[in-house]
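J.: In this note's numbering, the protein residues as written are 3 to 193. Note that beta-carbon positions come from the ideal geometry of N, C-alpha and C, so glycine has one too. Structure in structure tokens, see below.
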Amino acid sequence: MFRKKLVRMFCNFSIRRKLMTILLLTSCLVLVLASLSFVISEAISFRTGVREDLSVLADMVGKNTSAALIFDDRENALKTMAGLSANPRILAAYIITSDNRIFARYIGEHTSNNPLKLEEAGASYPASANRAVLAGLRNKSDSFWRSDLNMVRDIPQDGRIIGTVVIQYDPLVLLEKLSWLAVFFIVILCV
Numbered sequence: 003m004f005r006k007k008l009v010r011m012f013c014n015f016s017i018r019r020k021l022m023t024i025l026l027l028t029s030c031l032v033l034v035l036a037s038l039s040f041v042i043s044e045a046i047s048f049r050t051g052v053r054e055d056l057s058v059l060a061d062m063v064g065k066n067t068s069a070a071l072i073f074d075d076r077e078n079a080l081k082t083m084a085g086l087s088a089n090p091r092i093l094a095a096y097i098i099t100s101d102n103r104i105f106a107r108y109i110g111e112h113t114s115n116n117p118l119k120l121e122e123a124g125a126s127y128p129a130s131a132n133r134a135v136l137a138g139l140r141n142k143s144d145s146f147w148r149s150d151l152n153m154v155r156d157i158p159q160d161g162r163i164i165g166t167v168v169i170q171y172d173p174l175v176l177l178e179k180l181s182w183l184a185v186f187f188i189v190i191l192c193v
């Protein structure tokens with residue numbers, strides 16, 4: 003019904019008004035498509051940047067804790083992990099030994115005690131890491147299009163793997179960025 007009214011109204015327009023309407027609708031469509039492509043491009047670029055930063059951070063944590071892993075020096079590993087508090091977007095981080103023990107962990111200030119479910123339920127820290135969860139995190143961290151931002155990196159030493167670093171980043175940061183871009187897009191469209 004509404005569509006018929008619009009078509010009838012459009013048919014009653016003068017040629018000049020029909021051309022103006024067509025040009026306005028075409029311009030709006032182009033603006034919407036350009037804005038959407040900008041938002042998608044920004045989201046991909048931002049996610050790529052975060053993943054690269056997390057990869058570098060995981061490698062640094064792995065290198066800085068490799069000696070602590072070799073000499074079973076949990077205190078130094080915990081000091082290294084405490085440095086992650088400088089970035090409030092890091093929710094949690096773990097260092098897991100090659101024999102699947104949680105060697106050290108960092109839990110963000112506003113994060114639940116076991117955010118990645120790596121620790122067995124009811125187990126006291128330090129505990130064994132849940133192998134299934136770790137394998138799932140490893141597979142998910144290889145996928146670019148996952149909604150979560152986790153990084154899993156092995157810690158190599160002399161050609162063998164002595165441990166694993168797992169870092170969980172706040173996925174809401176991407177949502178916040180997209181929200182601001184959407185607001186910007188709507189304002190531009192309205193203007």
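#1: According to the neighbour-count rule (16 or more other Cβ atoms, all chains shown, within 10 Å of its Cβ), is ASN152 buried or exposed?
#2: Please work out which residues of its chain come closer than 8 Å, Cβ to Cβ, to ARG72, disregarding the five sequence neighbours upstream and downstream, and give them in chain order.
#3: Quick one: grab the DSSP three-state call for ARG140.
#4: How far does the alpha helix (DSSP H) with GLY51 in it reach, from first residue to last?
#5: Do THR67 and THR82 count as a contact pair if the criterion is CB distance below 8 Å?
#6: From this set, THR28, TRP182, LEU136, which residue's C-alpha is nearest THR166's C-alpha?
#7: Is DSSP giving ALA2 helix, strand or coil here?
#8: Rounded to whole angstroms, what is the Cα-Cα separation between VAL52 and GLU121?
#9: Could you round the C-beta distance between PHE187 and VAL32 to whole angstroms and report it? I think they count as a contact, below 8 Å.
#10: Just tell me which of ARG49, LEU8, VAL34, ARG103 has its CA closest to the CA of LEU174.
#11: Among the candidates PRO90, ILE97, ASP61, whose CA atom is the shortest distance from the CA of ASP75?
#12: Between the Cα of LEU176 and the Cα atoms of ILE169, SER47, CYS13, which residue gives the shortest distance?
#13: How many angstroms separate the CA atom of ALA69 from the CA atom of VAL189?
#14: Could you tell me whether the Cβ atoms of GLY64 and ILE92 are closer together than 8 Å?
#15: Following the continuous beta strand (DSSP E) through ARG162, name the residue where it begins and the one where it ends.
#16: On the three-state DSSP scale, how would you describe MET153?
#17: Comparing C-alpha positions only, which one of ARG107, GLU44, GLY161, SER130 sits nearest to LYS179?
T.: Once the coordinates are examined:
#1: Residue mapping note: residue 152 aligns to position 150 of the sequence shown, counting from 1. ASN152 should be labelled buried.
#2: One-based indexing of the sequence shown puts residue 72 at position 70. The amino acid at residue 72 is misidentified as Arg; the sequence shows Ile. So the list reads GLN159, ILE164, once near-sequence residues are dropped.
#3: Position 138 of the sequence shown, counted from the start, is the residue given in the question as residue 140. In this structure, ARG140 counts as helix in the three-state DSSP scheme.
#4: On the sequence shown, position 49 is the one that residue 51 refers to. Note, GLY51: alpha helix (DSSP H), 17–72.
#5: As a position in the sequence shown, residue 82 is number 80, starting the count at 1. As a position in the sequence shown, residue 67 is number 65, starting the count at 1. For THR82 and THR67, yes; Cβs fall inside 8 Å.
#6: Numbered from its first residue, the sequence shown carries residue 166 at position 164. Among THR28, TRP182, LEU136, the Cα nearest to that of THR166 belongs to LEU136.
#7: Only positions 3 to 193 of the chain appear in the structure, and residue 2 is not among them; the question remains open.
#8: Along the sequence shown, read from residue 1 onward, the residue named residue 52 stands at position 50. Along the sequence shown, read from residue 1 onward, the residue named residue 121 stands at position 119. Looking at the two C-alpha atoms, the distance is approximately 26 Å.
#9: Against the sequence shown, residue 187 aligns to sequence position 185. Against the sequence shown, residue 32 aligns to sequence position 30. About 14 Å separates the two Cβ atoms, so there is no contact after all.
#10: As a working mapping, residue 174 is identified with position 172 in the sequence shown. Checked all of ARG49, LEU8, VAL34, ARG103; the closest Cα to LEU174 is ARG49.
#11: Reading the sequence shown from its first residue, position 73 is the one you call residue 75. Ranking PRO90, ILE97, ASP61 by Cα distance to ASP75 puts ILE97 first.
#12: One-based indexing of the sequence shown puts residue 176 at position 174. Of the listed residues, the one whose Cα sits closest to LEU176 is SER47.
#13: Sequence index remark: in the sequence shown, residue 69 carries index 67 (1-based). Sequence index remark: in the sequence shown, residue 189 carries index 187 (1-based). Spanning the two alpha carbons is a distance of roughly 53 Å.
#14: In the sequence shown, residue 64 corresponds to position 62, counting from 1. In the sequence shown, residue 92 corresponds to position 90, counting from 1. Against a cut-off of 8 Å, the Cβ pair of ILE92 and GLY64 comes out as no contact.
#15: Locating residue 162 in the sequence shown gives position 160, where the first residue counts as 1. Counting along the chain, the beta strand (DSSP E) containing ARG162 begins and ends at 162–171.
#16: Looking up residue 153 in the sequence shown gives position 151. MET153 falls in the strand class under three-state DSSP.
#17: Position 177 of the sequence shown holds residue 179. Nearest of ARG107, GLU44, GLY161, SER130 to LYS179, Cα basis: GLU44.
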